[in-house]
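Below: the structure, in structure tokens.
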Amino acid sequence: MEWNKTLIRTTAEGVEAVCGALMEAGINGVEIDDPAEREEYFETPSQDWDYFDETLAKTEDRDVKVIFYTSANPYGEELMASVRDNISRLKARDFGLEMGSLKIERENNLDDKVWLNKWREFYKPFNVGERLYVKPVWEEAAAPEERITLTINPGNVFGTGLHQTTRLCMERLEKYVTPGSRILDLGCGSGILSIVSLLLGGKFAFAVDIDENAVDVAYENAALNGIGKDKYYVTSGDVLSDSDLIEEIGENSFDIVAANIVADVIIGIAPAAYRAVKPGGVFISSGIIKDRLSEVVSALEESGFVITDTSVKDEWCALTAEKG
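Next up, the structure:
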């Protein structure tokens, strides 16, 4: 698969707002290139360095760059259209911050090998919650004692676990997944949430994404974690309009429904999530910026859910809602 690299020029003050705009557009993984932070890093003495390229430490370009990748296909172009719309709206709003030019620059046709090498530069293992340890497939490090390892290959990345919203969902899954749980992962991307649910002891996971490329990616990541198709099923389709998919998901079929998407999509799929989850089950949703939280809460309550928990990391929120 080929990928398009895109960067948005901003400032240190503007990074959070830009990342929020990208998340709202459906971009879950970003890289931040801040010249000031890089220079500070290189100015700090380290006994581990034998040599470093001084041209990396100093640059005339003072812009902070928010970098992300989209697939070179119609789905990727649809994402880019949403990105442009959101950045245009960002330019029109007055945050009282210096946002920089917000110029969008694209570099086309990166292949999987180039993509993977870019991710290797900064994607290192990390802990999530009380029980999980996430690491890329090329890292050999063992998990800290009593933590469960999730191995991920971001070569065809739809999500890496790095973003606050994914971590919020994973922390909620730690709390709610029990032996025998059946999980539905809506907008599964790389399959992180459904795979984590099975690693935590879930019995079966059904994952769906509107992008058909996600199916192979999720299955690949499941295999890396020793999870087979006997307990993990991934498909593609639109849960709002695909009647066959709606029938396949069923009614009152899952103990947990999870969706780490964006506010507008969560609002749209709330009735479908309510239909799919069992009475007493929960819908865990994230990808919600603080400004949109009340809208999502209203949509879930109108669908019949009762909000039982709200969690926040930085500007991002996750909701847990129970079906009575």
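Yeah, the sequence shown ends on 1055 if you go by the working numbering, and it's all consecutive. Note that CB positions come from ideal geometry on N, CA and C, so glycine has one too.
**Request:** With a 10 Å radius around its C-beta and 16 neighbouring C-beta atoms as the bar for buried, classify residue 869 as buried or exposed.
**Result:** The Cβ neighbour count for residue 869, taken over all protein chains shown within 10 Å, is under 16; the residue is labelled exposed.
**Prompt:** Apart from the five residues just before and just after residue 898, which ones in its own chain have a Cβ nearer than 8 Å to its Cβ?
**Reply:** If we look at residue 898 and ignore the five residues flanking it on each side, its Cβ neighbours are 859, 860, 892, 1044.
**Request:** To the nearest angstrom, report how far apart residue 920 and residue 940 are at their CA atoms.
**Result:** Between residue 920 and residue 940, the alpha-carbon positions lie close to 6 Å from each other.
**Prompt:** With DSSP run on the structure shown, which of helix, strand or coil describes residue 1048?
**Reply:** Per DSSP, reduced to three states, the secondary structure at residue 1048 is strand.
**For residue 1022 and residue 998, the rounded distance between their alpha carbons** = Going from the Cα of residue 998 to the Cα of residue 1022 covers about 14 Å.
**Per DSSP, the bridge partner or partners of residue 1041** = Note: residue 1041 sits in a beta bridge opposite 1050.
**Prompt:** By the 10 Å Cβ neighbour count, where 16 or more other Cβ atoms means buried, how is residue 959 classified, buried or exposed?
**Reply:** That one is exposed.
**Request:** Alpha carbon to alpha carbon, how far is residue 918 from residue 991? Give it in angstroms, no decimals.
**Result:** Rounded to whole angstroms, residue 991 to residue 918 spans 7 Å at the Cα level.
**Prompt:** Count the other CB atoms within 10 Å of the CB of residue 832; is the residue buried (16 or more) or exposed (fewer)?
**Reply:** Exposed.
**Asked** Is residue 741 buried or exposed, if buried means 16 or more other CB atoms sit within 10 Å of its CB?
**Response** Label assigned to residue 741: buried.
**Where residue 807 sits in the DSSP three-state scheme** = Helix, per DSSP.
**Prompt:** Just curious, the alpha helix (DSSP H) that residue 925 is in, first and last residue?
**Reply:** Residues 923-930.
**Message:** Between the alpha carbons of residue 933 and residue 864, how many angstroms are there, rounded?
**Reply:** Cα to Cα, the separation comes out at about 17 Å.
**Asked** When DSSP builds the beta bridges, which residues end up paired with residue 938?
**Response** According to DSSP, which records beta bridges pairwise, residue 938 is partnered with 916, 965.
**Message:** Could you check whether residue 756 and residue 817 sit closer than 8 Å to each other, using their CB atoms as the reference points?
**Reply:** In contact: residue 817 and residue 756 (Cβ atoms closer than 8 Å).
**Sequence-distant residues of the same chain with beta carbon closer than 6 Å to residue 744, five excluded per side** = Only 828, 829 meet the Cβ criterion.
**Message:** Which residues does DSSP list as the beta-bridge partners of residue 881?
**Reply:** Bridge partners of residue 881: 865.
**Message:** Please classify residue 952 as buried or exposed, where buried requires at least 16 neighbouring CB atoms within 10 angstroms.
**Reply:** Per the 10 Å Cβ criterion, buried.
**Prompt:** Cα-Cα, which of 856, 824, 812 is closest to residue 835?
**Reply:** Taking residue 835 as reference, the option from 856, 824, 812 with the minimal CA-CA separation is 812.
**Item:** residue 780, DSSP secondary structure in three states
**Value:** Interpretation of residue 780 is limited by its pLDDT of 49, a score under 50 that renders its predicted location unreliable; no figure is taken from the coordinates.
**Asked** Going by DSSP, which residues form a beta bridge with residue 762?
**Response** Paired residue(s): 798.
**Request:** Look up residue 997 in the DSSP assignment and give the residues it is bridged to.
**Result:** Answer is none; residue 997 lacks a bridge partner.
**Message:** Only counting the same chain, and skipping five residues up and downstream in sequence, which positions put a Cβ closer than 7 Å to that of residue 911?
**Reply:** So the qualifying residues of the chain are 934.
**Prompt:** Out of curiosity, what's the CA-to-CA distance linking residue 874 and residue 856?
**Reply:** If I take the Cα positions, the gap works out to 9 Å.
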